[in-house]
Amino acid sequence: KNQVEQSPQSLIILEGKNCTLQCNYTVSPFSNLRWYKQDTGRGPVSLTIMTFSENTKSNGRYTATLDADTKQSSLHITASQLSDSASYICVVRASGTYKYIFGTGTRLKVLA
Amino acid sequence: EAGVAQSPRYKIIEKRQSVAFWCNPISGHATLYWYQQILGQGPKLLIQFQNNGVVDDSQLPKDRFSAERLKGVDSTLKIQPAKLEDSAVYLCASSYVAGVQETQYFGPGTRLLVL
């Protein structure tokens, strides 16, 4: 069964600290993996898209990694800011389909 | 460019009533998605349109949910009759090309509360 699992479910960190969010998937065959940021009351916004051949991709202070062999991805946030408080959703797309499998998200809270 | 527009932003109804949501995708985007996001969960695809044709509606509860995309632009999602478990945020998204590198652009969502 195609599934995407994220951990931790929630996380609280102090402003300026780094953090890493995890995503494990069982989607096969794999096409690509995306990380979205969803602010409260808003729709998700794409942070990164990675295909099978990409190991890492950065978007400002956000760096995503992908290990297609172990089917794991991580999102690393450097020097966190209050505005990073949001839910971060990992989404995997199966090859040959238009289906996106969404994880349940990690809720991040950055405290001053 | 203007983003995906949705209305209303909030809706409160009683169970067994009907409700309709409207979505206007980004201009030129052929693919349109409707998602249901229950509190604390990731979005679940309800239906995907390519222009005005349905690509995937396998998770749409067709006994009560219906959606249409006339003329391949705006779309409406209807629930009739609503149940308590339909309380959720309904997200509309659109994308230019349904390919590997496509990016989905999401609207702000419609928050539905069924009492």
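Residue numbers (the working numbering), protein chains in the order written: chain A, 291 to 402; chain B, 0 to 114.
Beta carbons are placed, not taken as given, at the ideal position from N, Cα and C, and that holds for glycine.
- Counting other Cβ atoms within 10 Å of its Cβ, D374/A reaches 16 or more and is therefore classed as buried.
- Boundaries for A1/B: no beta strand (DSSP E) harbours it, and the DSSP string shows neither H nor E there.
- In the three-state scheme derived from DSSP, where H, G and I count as helix and E and B as strand, S373/A is classed as helix.
- E84/B sits in a helix when the DSSP states are folded into three classes.
- Within the same chain, V294, K361 and V382 come within 6 Å of Y315/A by CB-CB distance, once the 5 residues on both sides are set aside.
- Per the DSSP secondary-structure output, A19/B pairs in a beta bridge with K77/B.
- A distance below 6 Å between beta-carbons, with the five flanking residues on each side excluded, links N349/A to the following residues of its chain, in chain order: L337 and T338.
- Taking 9 Å as the cut-off, the beta carbon of Y104/B is found closer than this to the beta carbon of I25/B.
- Taking the beta carbon of P80/B as reference, no residue of chain A falls within 7 Å; the closest one sits roughly 27 Å away.
- Shown here, K70/B sits in a helix according to DSSP, grouped into three states.
- Between I367/A and L323/A, the gap from beta carbon to beta carbon reaches 9 Å or more.
- V317/A and I391/A have their C-alpha atoms roughly 8 Å apart.
- Here T387/A carries a coil assignment [DSSP, helix/strand/coil].
- Between A376/A and K327/A, the CB-CB gap stays under 9 Å.
- Taking all protein chains shown into account, F48/B has 16 or more neighbouring C-beta atoms within 10 Å of its C-beta and is therefore buried.
- Scanning its chain for C-beta atoms nearer than 6 Å, with the 5 sequence neighbours on each side dropped, one finds around I11/B the residues L112, in chain order.
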